[in-house]
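*Asks:*
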Amino acid sequence: MSQLWQARFFTTVNHLRDLPTTLVPEIAFAGRSNAGKSTAINILCNQKKLAFASKTPGRTQHINYFSIGGAQVGQHRKDETKLDEIRALLVDLPGYGYAEVSGSAKLHWQKLLGDYVQHRTQLAALVLIIDSRRPFTDLDIQMLEWFAPTGKPIHCILTKSDKLNRNDAANALREAKAILSGYVDAQGAAFPFTIQLFSALKRVGLEEADAKISELVGLIPAAVHAVEHAAQPATSP
Ligand SMILES: Nc1nc2c(ncn2[C@@H]2O[C@H](COP(=O)(O)OP(=O)(O)OP(=O)(O)O)[C@@H](O)[C@H]2O)c(=O)[nH]1
Ligand SMILES: [Mg+2]
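Numbering (our numbering), first residue to last: 54 to 290.
#1: Counting only the same chain and skipping the five closest in sequence on each side, list residues whose C-beta sits under 8 Å from that of I80.
#2: Who does A178 pair with in a DSSP beta bridge?
#3: Nearer than 7 Å: is that true of the beta carbon of T113 relative to any heavy atom of ligand 4?
#4: What did DSSP end up calling N224 once you bin it into helix, strand or coil?
#5: So, does the stretch 156–163 touch the stretch 93–107, judging by three or more C-beta pairs under 8 Å?
#6: Residues in its own chain within less than 6 Å of L226 by CB, not counting five upstream and five downstream?
#7: State the start and end residues of the unbroken alpha helix (DSSP H) segment that holds L166.
#8: R85 by DSSP, collapsed to three states: which one?
#9: Any contact between the stretch 191–198 and the stretch 66–76? By contact I mean 3 or more CB pairs, one from each, below 8 Å.
#10: Can you name the residues that DSSP bridges to N313?
#11: Can you tell which of F62, Q163, L97, A93 has the C-alpha that lies nearest to the C-alpha of S120?
#12: Rounded to a whole number of angstroms, what is the C-alpha to C-alpha distance between G235 and Y149?
#13: Bridge partners for S252 per DSSP, in chain order?
#14: G204: beta carbon under 7 Å from a heavy atom of ligand 2?
#15: Whole angstroms are fine: how far does the CA of I182 sit from the CA of F82?
#16: At a cut-off of 7 Å, would you count A104 as near ligand 2, judging by its Cβ distance to the nearest heavy atom?
#17: Determine, using beta carbons only, whether K230 and I210 come nearer to each other than 8 Å.
#18: Tell me whether D238 is buried or exposed, calling it buried when 16 or more other Cβ atoms sit within 10 Å of its Cβ.
#19: Between the beta-carbon of T212 and the beta-carbon of D184, is there less than 8 Å?
#20: Does DSSP classify D238 as helix, strand or coil?
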């Protein structure tokens with residue numbers, strides 16, 4: 054059972070000054086409005102209404118925090134979450150690029166998102182949620198370029214792959230990988246970017262996303278496959 058299934062609502066924030074003072078690692082879900090952030094959080098946490106998902110774009114209008122650990126789920130379900138037992142936080146960010154949001158509100162959120170991803174020390178990694186039919190719009194690139202200089206990992210999830218046929222989905226993934234590999238740091242080294250296809254509707258890519266997110270936020274040890282690989286006896290040339 055995934056540890057993400059323990060998630061429960063923690064707090065809602067509207068201004069950076071109100072961000073929780075917790076020190077545990079957090080992982081944020083960013084992406085265009087309607088890309089499927091809240092839906093992805095719900096399905097990964099195996100809960101129908103944890104994050105508010107909706108057909109109306111611009112639904113998530115605050116920063117919503119969900120905690121892993123510290124809550125006695127089950128018979129003690131109504132207990133207060135024990136702050137010192139929280140192990141990680143999942144963060145549902147407001148979507149960007151929603152045309153109907155007024156100018157001043159849009160600016161408020163642009164600034165807040167930029168400041169949050171660039172400066173939040175506890176932020177361990179970003180999950181960039183992208184509609185597989187519209188990969189890397191200007192605002193996604195903006196998000197990537199804000200966050201990449203931190204050197205922290207970005208896991209891109211191409212959602213709604215059920216809306217593409219197999220071929221188109223494979224092409225979308227390949228093209229998105231090419232865009233990501235075009236980014237290198239000042240030394241010419243690749244950034245820690247990873248990417249996958251995902252469908253909440255058809256439950257595609259769930260295990261991969263769960264493993265990656267759990268690893269990035271420190272709930273499971275990093276890259277078991279790398280350790281296995283290292284344990285292989287060296288082959289002679
Ligand atoms: N077919 C399909 N629809 C999906 C998938 N994921 C999300 N959706 C739908 O897309 C719509 C938007 O999903 P949300 O999860 O609310 O999107 P969001 O990114 O949280 O949007 P904001 O809160 O506005 O930023 C909903 O109608 C979902 O049911 C998917 O994998 N496949
Ligand atoms: Mg949402």
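Beta carbons are placed, not taken as given, at the ideal position from N, Cα and C, and that holds for glycine. Computed from a prediction, not measured in an experiment: that's the story for all the values here.
*Replies:* Judging by the given coordinates:
#1: A141, L142, L143, V144, L176, A177, A178, L179, V180, I266, L269, V270
#2: DSSP lists I80 as the bridge partner or partners of A178.
#3: Looking at this structure, you won't find ligand 4 anywhere; what it does contain is ligand 1 and ligand 2.
#4: Helix, per DSSP.
#5: no
#6: L250
#7: For L166, the enclosing alpha helix (DSSP H) has its first and last residue at 156–172.
#8: Residue state, collapsed to three classes: strand.
#9: no
#10: The first residue shown for the chain is 54 and the last is 290, placing residue 313 beyond what the model contains.
#11: F62
#12: In this structure, the straight-line span from the alpha carbon of G235 to that of Y149 is close to 23 Å.
#13: V257
#14: No, the Cβ of G204 stays beyond 7 Å of every heavy atom of ligand 2.
#15: 7 Å
#16: yes
#17: no
#18: exposed
#19: yes
#20: coil
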